[in-house]
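The structure appears right after this line, and notes come after that.
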Amino acid sequence: MFELLKQPWHWALSGTLIGLIVPLLLILGNKKFGISSSFRHICASCFPGNVKFFKYEWKKEIWNLFFVGGIIIGAFIATVFLTDPASSISIAPETVGILNSYGISDFSSLMPVQLFNWSNLFSMKGLVFFIMGGFLVGFGTRYAGGCTSGHSIMGLANLQKASLIATIFFMAGGFFSTNILIPLIFKYLQ
Amino acid sequence: MTETEFIETKHIETKEEIELRHLDTLCTNESQLVHPWWYNFKYTIVGIIFGIVFVKAEIISWFRIQEMFQLTSFFMYGVIGTAVAVGAISVFFVKKLKLRSIYGEVITFEDKEFNKGQIFGAMIFGTGWAITGACPGPLFAQFGSGYSVIIITILSAIAGTWVYGKFRDRLPH
Numbered sequence: 010m011f012e013l014l015k016q017p018w019h020w021a022l023s024g025t026l027i028g029l030i031v032p033l034l035l036i037l038g039n040k041k042f043g044i045s046s047s048f049r050h051i052c053a054s055c056f057p058g059n060v061k062f063f064k065y066e067w068k069k070e071i072w073n074l075f076f077v078g079g080i081i082i083g084a085f086i087a088t089v090f091l092t093d094p095a096s097s098i099s100i101a102p103e104t105v106g107i108l109n110s111y112g113i114s115d116f117s118s119l120m121p122v123q124l125f126n127w128s129n130l131f132s133m134k135g136l137v138f139f140i141m142g143g144f145l146v147g148f149g150t151r152y153a154g155g156c157t158s159g160h161s162i163m164g165l166a167n168l169q170k171a172s173l174i175a176t177i178f179f180m181a182g183g184f185f186s187t188n189i190l191i192p193l194i195f196k197y198l199q
Numbered sequence: 091m092t093e094t095e096f097i098e099t100k101h102i103e104t105k106e107e108i109e110l111r112h113l114d115t116l117c118t119n120e121s122q123l124v125h126p127w128w129y130n131f132k133y134t135i136v137g138i139i140f141g142i143v144f145v146k147a148e149i150i151s152w153f154r155i156q157e158m159f160q161l162t163s164f165f166m167y168g169v170i171g172t173a174v175a176v177g178a179i180s181v182f183f184v185k186k187l188k189l190r191s192i193y194g195e196v197i198t199f200e201d202k203e204f205n206k207g208q209i210f211g212a213m214i215f216g217t218g219w220a221i222t223g224a225c226p227g228p229l230f231a232q233f234g235s236g237y238s239v240i241i242i243t244i245l246s247a248i249a250g251t252w253v254y255g256k257f258r259d260r261l262p263h
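Residue numbers (the working numbering), protein chains in the order written: chain S, 10 to 199; chain C, 91 to 263.
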């Protein structure tokens with residue numbers, strides 16, 4: 010059983026478990042599944058400045074930060090105790106080919122360690138992949154009113170048209186980025 | 091209701107404050123109950139389960155996100171599609187059976203109104219999603235999984251949210 014847990018999980022099992030988070034949060038306390046709001050609560054609690062958008066009763070939303078804290082702990086547990094260190098991720102050969110052309114050749118880990126490491130932080134790649142990428146995620150999710158959790162899972166599960174529109178444009182942005190922007194980034198930032 | 095005696099942050103919100111809290115956010119807390127802060131640890135436990143799934147399903151992988159947007163693998167579509175289906179069936183039954191929370195509170199749903207942010211903001215997020223290889227949940231999981239440099243990405247995301255809040259009034263909605 011334990012050895013089975015250590016294998017990568019099937020998408021249907023993973024999708025089912027993620028979907029079940031929705032009713033679990035509802036039943037535990039009438040809470041709506043969503044994560045990107047945690048960034049707003051951190052702003053509101055730590056540095057609201059004089060910005061009206063951050064002057065609200067953030068303590069009422071603190072459950073969301075406990076939830077996010079759990080994600081960090083859960084990811085740690087899964088990595089340390091539930092992952093076979095010898096395993097590597099299997100990636101579609103077409104994608105391996107494209108990434109090879111970018112100079113990414115290390116597929117031993119869930120993340121491309123050649124890209125996501127501290128020594129890249131003060132390079133142009135670090136600026137793009139950590140700082141600009143993170144900024145777009147934080148700015149865009151709040152502008153859109155939610156992320157993949159809030160819109161694409163909770164919102165679609167609740168049959169919200171606004172969430173469907175948001176999801177379509179999340180995907181549009183992703184296709185643009187992966188197929189047009191990222192090739193340019195790797196071409197010009199070596 | 092003895093737990094209300096523990097209230098630490100009793101604060102009666104005005105209608106305006108409630109509207110402000112709900113701005114551009116789907117997952118606000120609609121519950122009227124006020125509990126001691128440590129009641130929130132149950133959400134930490136849900137988060138732990140979620141974090142484990144994120145890693146075990148390899149959803150936190152930058153590679154999986156590239157595959158999804160290069161259309162070279164069905165994996166992420168399978169995960170998200172299944173999650174939406176299970177979530178939708180669950181919400182249907184929660185509504186149909188008028189389920190209550192474990193504290194006996196009626197579970198409520200609010201409709202989200204469309205605004206142009208769901209086009210512009212969503213495109214901006216989508217662009218960042220493919221670059222970082224993560225939406226907000228997996229960002230926290232990447233960090234917990236040992237990719238410590240992702241703390242910079244998380245801090246940048248917080249900065250992005252702050253800048254949005256600062257200039258919100260000047261953006262088309």
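Here a beta-carbon is modelled for each residue, glycine too, at the ideal position from N, C-alpha and C.
Note that the region 178-197 of chain S does not touch the region 11-30 of chain S; fewer than 3 beta-carbon pairs, one per stretch, sit closer than 8 Å.
The three-state reading of DSSP puts S/Val105 in helix, counting H, G and I together.
Counting only runs that start and end inside the region 77-129 of chain S, there is no beta strand (DSSP E) element of at least 3 residues.
Nearest to C/Phe140 by alpha-carbon distance, out of S/Asp93, S/Asn39, S/Gln169 and S/Ile86, is S/Ile86.
C/Pro126 counts as exposed, since fewer than 16 other C-beta atoms from the protein chains shown sit within 10 angstroms of its C-beta. Taking one beta carbon from each stretch, the region 225-244 of chain C and the region 106-116 of chain S have fewer than 3 pairs nearer than 8 Å; the two do not touch. In the three-state reduction of the DSSP assignment, C/Val239 falls in the coil class. Along the region 157-171 of chain S, the positions whose C-beta sits under 8 Å from a C-beta of chain C are Thr157, Ser158, Gly159, His160, Ser161, Ile162, Met163, Gly164, Leu165, Ala166, Asn167, Leu168, Gln169, Lys170 and Ala171, read in chain order. Proximity of chain S to C/Gly236 at the Cβ level (cut-off 7 Å) is accounted for by Thr88, in chain order. A residue is called buried once 16 or more other Cβ atoms fall within 10 Å of its Cβ, and S/Glu103, having fewer, is exposed. Taking a beta-carbon distance threshold of 7 Å, S/Tyr152 counts as an interface residue toward chain C. Of C/Ile209, C/Ile155, C/Asn119 and C/Ile179, the smallest CA-CA separation from S/Asn188 is found for C/Ile155. When DSSP states are grouped into helix, strand and coil, C/Val145 belongs to the helix group. In the structure shown, C/Val184 falls within a helical segment according to DSSP collapsed to helix, strand and coil. Classified as exposed, S/Gly106 has fewer than 16 neighbouring CB atoms from the shown chains inside 10 Å of its CB.
Sequence-distant Cβ neighbours of S/Val137 in its own chain, meaning closer than 8 Å and more than five residues away, are Ile194 and Leu198. In this structure the region 130-145 of chain S does not touch the region 42-53 of chain S; the number of beta carbon pairs closer than 8 Å is below three. DSSP, reduced to helix, strand and coil, places S/Val60 outside both helices and strands of the structure shown, so it counts as coil. Within the DSSP secondary-structure output, C/Val196 pairs in a beta bridge with C/Arg190. By the CB criterion at 7 Å, C/Asp114 and S/Gly164 fall outside the cutoff.
Cα atoms of C/Ile170 and C/Phe153: separation of roughly 16 Å, rounded to the nearest angstrom.
Residue state for S/Asn167 is assigned as coil, using DSSP reduced to three classes.
Look at C/Arg260: its C-beta is not under 7 Å from any C-beta on chain S. Taking C/Ser121 as the centre and dropping the five residues before and after it, the same chain places the C-beta of Glu195 closer than 7 Å to its C-beta, in chain order. Interface criterion not met: the Cβ of C/Ile102 is under 7 Å from no Cβ in chain S. Interface residue (Cβ-Cβ distance to chain C less than 7 Å): S/Glu103 is classified as such.
For the set S/Ser158, S/Gly182 and S/Trp18, the Cα lying nearest the Cα of C/Val174 is the one of S/Ser158.
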